[in-house]
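Peer 1: Note that full-length UniProt numbering has the sequence shown beginning at 1, numbered continuously upward.
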Amino acid sequence: MALDACVVTIGAFDGVHRGHQELLRQTIAAARRRGIPAVVYTFDPPPKVYFGQAEPLISLREKLERIATFAPDHVVVADFNQIYVRRTALDFLAELHKLQPREVIVGEDFRFGSCKGGTALLLRQHFNTSILPPVRCGNGEIVSSSRIRALRRSGLAAAAATLENWRDIVTAPPANRSGMAHLEVASQ
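Structure representation (C-alpha cells):
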C-alpha cells in the first residue's frame, strides 16, 4: 500500500486490550486533527504466536472487528511468515516509508525487524514518532497480552476481561465516509 500521507500505529494488537486501545485512540485523533488517513499496521499471526511463545488471544477476524470499532481508514495485515521474519529493521523502515507517515505512534516496548533489531527510538530517527508509555491497571501492573494470558491460565477470566475492556467500548462512527476501513494484506 502506498499513501500520500497518514498517521500510523504498528503492533501485534493481540487481544486489542486497553493498551492497544490507547494507541488506536491516539492514532485516530492525530489523523483527524491533520485531516489525513489513520492506518493500523498489524501482523498475522502475532509474532509471539508465530514463534510458539504464546497462543493467540483472539482470531484475526475478531482482532479486525475490534480494531474497526475505532474507525481507522486503513488496516494493513502483514503475513508474518518465514519470509517476513527475515526482514531487517531497515527493510521494515523502507516499507513504512511507502505509507509516508506524518506521525508514527507506538508503545515504548515496540520492536521490529529480524531479531527485534529495530526499536521505537530507531523509528524516531526516521519519522515523527510518538512513543506512548504503557497503560497500567489499578494495581500498577502493565496491561499486556502476556498478563491477560497469565490471568486466563490462572482461572482469572474476569480480571483478564477487565484488562481487555471490551464491555465499555462504544463503536466509533466512520469519519466522513461509509463502511469499513480498507483492508490491505501485505505478503512477501
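Backbone N, C-alpha and C fix where the C-beta goes; we use that ideal spot for every residue, glycine too.
Please read these numbers as outputs of a predicted model, since none were measured by experiment.
Specify whether the segment 50-66 and the segment 89-101 touch according to this definition: at least 3 beta carbon pairs, one from each stretch, less than 8 Å apart.
Peer 2: No: the two stretches stay apart, fewer than three of their Cβ pairs being nearer than 8 Å.
Peer 1: Which same chain residues, not among the five before or five after E95, have their C-beta less than 6 Å away from its C-beta?
Peer 2: Closer than 6 Å at the Cβ level, and outside the excluded window around E95, lies no residue.
Peer 1: Is it buried or exposed, Q125, if we count other Cβ atoms within 10 angstroms and call 16 or more buried?
Peer 2: Looking at its Cβ environment, which holds fewer than 16 other Cβ atoms inside 10 Å, Q125 is exposed.
Peer 1: Is L24 closer than 8 Å to R70 when the C-beta atoms are compared?
Peer 2: The residue asked about is misnamed: residue 70 is Phe in this sequence, not Arg. Going by C-beta atoms, F70 is nearer than 8 Å to L24.
Peer 1: Determine whether the beta carbon atoms of V106 and P72 lie at a separation below 8 Å.
Peer 2: Their beta carbons are not under 8 Å apart, which means V106 does not touch P72 by this criterion.
Peer 1: Between which two residues does the beta strand (DSSP E) carrying P101 extend?
Peer 2: 101-107 is the extent of the beta strand (DSSP E) around P101.
Peer 1: With 16 other CB atoms within 10 Å as the buried threshold, where does S145 fall?
Peer 2: Buried, because 16 or more other Cβ atoms sit within 10 Å of the Cβ of S145.
Peer 1: Specify the secondary structure class of G19 as computed by DSSP and reduced to three states.
Peer 2: It is helical.
Peer 1: State buried or exposed for P101, treating a residue as buried only when at least 16 other CB atoms are found within 10 Å of its CB.
Peer 2: By the neighbour-count rule (16 or more Cβ atoms within 10 Å), P101 is buried.
Peer 1: Looking only at C-alpha atoms, which of L99, D14, V104 sits nearest to I28?
Peer 2: For I28, the nearest C-alpha among the options comes from V104.
Peer 1: Hey, quick one: how far does the beta strand (DSSP E) through I67 stretch, first residue to last?
Peer 2: Note, I67: premise wrong, no beta strand (DSSP E); alpha helix (DSSP H) at 60-68.
Peer 1: Give the straight-line distance between the Cα atoms of G19 and P134, rounded to the nearest whole angstrom.
Peer 2: Cα to Cα, G19 sits roughly 7 Å from P134.
Peer 1: With distances taken between CB atoms, is the gap from A120 to F127 smaller than 8 Å?
Peer 2: No.
Peer 1: So, is E108 buried or exposed, given that buried needs 16 or more other C-beta atoms within 10 angstroms?
Peer 2: Exposed.
Peer 1: Measuring straight from C-alpha to C-alpha, what distance separates A68 and T162?
Peer 2: Looking at the two C-alpha atoms, the distance is approximately 20 Å.
Peer 1: Return the CA-CA distance between R153 and G117, expressed in angstroms with no decimal places.
Peer 2: Using only the alpha carbons, I get a separation of about 31 Å.
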